[in-house]
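Residues in the sequence shown are numbered consecutively from 2, following our numbering.
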Amino acid sequence: MRISLCNEVVRDLDFAAQCVLAASLGYDGLEVAPFTLDAEAPHLLPAARRALLRRAASDAGTSITSLHWLLVAPAGLSITSADAALRARTLDVMERLVGLAADLGATILVHGSPGQRRVDVDGDAARAEEAMAKAGDVAARHDVTYCLEPLDPGQTNWCTSVADGAAIVNRIGNPALRTMLDTCSAGNGESESVVALLERFVPTGAIAHVHFNDRNKRGPGQGADRFGPVLDVLRRTGYAGFAAVEPFDYVPDGPTSAARAIGYLRALEETPA
């Protein structure tokens, strides 16, 4: 199983140190939240900075595998707004982030960003789906995959299940646009188990990425959720993508949370469910 660490878990370290830590713990790469690179305009990072970031990962013996938390910065973005100027600005940021991912060597972008996709009036959902279609087109041009992340109803009100995500990407019909599964969101919002969802959707090709986190928002192994069956179903269904460890509650701190998660997951690989 190829497992990345979401870098905001250790964002108090400089980026080179994040890479060294992830590699030393046994992660296969870093999934980067762009706002950790620049809190105001990560989509505008100059070419020289992009090259330095990619080199820092390579020098540590690792790589940047993916980007997520795409629309946190700059502030005020929305894929559902009817405001033409705001919509154009948001789509421009998304396009530039796809370019950033390609420059950093990443192959996946994960579109979560729940606050920037709320549906409040008629037309909002159509605009959100149109934004995904445009993102898929840009991703195809850069030879990367753009993933719409289903999030539980406690976080947002558009694309709140894996079935929703699969239906949206199927309607759009672009292989560069896929969906994914976040074990915390699925555990908190789906009627089916995580294992059942993976068993149903991985063979269809809809799922191109997975996030590992407990329903209590801590890392794998720090709650009641069992990840042995999750790893087992990913093996059985032939899943070939990355999974990224994405806790939100870092106990007792980010580096220790990261270390516990990968230790737990690697041990399960040696003693599968």
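We put the CB at the ideal spot given by N, CA and C, even for glycine.
Computed from a predicted structure; not experimentally measured.
Measuring alpha carbon to alpha carbon, tell me which residue in the options is nearest residue i.
i: Cys160; options: Arg201, Leu269, Gly116 and Val145; result: Gly116
i: Thr63; options: Ile80, Gly27 and Tyr265; result: Gly27
i: Pro204; options: Ala83, Ala241 and Cys185; result: Ala241
i: Ala259; options: Ala268, Pro248 and Leu269; result: Pro248
i: Thr184; options: Asn175, Leu198 and Gly174; result: Leu198
i: Asp165; options: Val139, Val196, Ala126 and Ala140; result: Ala126
i: Ala107; options: Arg88, His69 and Val94; result: His69
Would you mind stating whether residue i and residue j have Cβ atoms separated by less than 8 Å?
i: Val99; j: Ala134; result: no
i: Arg128; j: Thr157; result: no
i: Val10; j: Gly222; result: no
i: Ser67; j: Ser114; result: no
i: Leu269; j: Leu235; result: no
i: Leu78; j: Pro35; result: no
Just reading off the beta strand (DSSP E) that residue i is part of, what are its end residues?
i: Thr66; result: Ile65 to Leu68
i: Ser5; result: Arg3 to Cys7
i: Gly30; result: Gly30 to Val33
i: Arg97; result: Where Arg97 is concerned, there is no enclosing beta strand (DSSP E), although the alpha helix (DSSP H) it sits in stretches over Ala85 to Leu105.
i: His44; result: Counting along the chain, His44 falls outside any beta strand (DSSP E), and DSSP gives it neither H nor E.
i: Ala244; result: Phe243 to Val246
i: Asp183; result: Leu178 to Asp183
With 16 other CB atoms within 10 Å as the buried threshold, where does residue i fall?
i: Pro253; result: exposed
i: Ala207; result: buried
i: Pro43; result: buried
i: Arg142; result: exposed
i: Leu53; result: exposed
i: Ala37; result: It should be pointed out that residue 37 corresponds to Thr in this sequence rather than to Ala. Its Cβ being crowded by 16 or more others within 10 Å, Thr37 is buried.
i: Asn171; result: exposed
i: Ala48; result: exposed
If you follow the alpha helix (DSSP H) that residue i is in, where does it begin and where does it stop?
i: Ile208; result: Per DSSP, Ile208 belongs to no alpha helix (DSSP H); it is in the beta strand (DSSP E), Ile208 to Phe213.
Exercise. So does the region 50-58 actually touch the region 67-83, counting three or more Cβ pairs closer than 8 Å?
Worked result: Taking a contact to require three or more Cβ pairs closer than 8 Å, the region 50-58 and the region 67-83 do not qualify as touching.
Exercise. Per the contact definition of three or more C-beta pairs closer than 8 Å, is the region 178-190 in contact with the region 137-156?
Worked result: Enough Cβ pairs lie closer than 8 Å, so yes.
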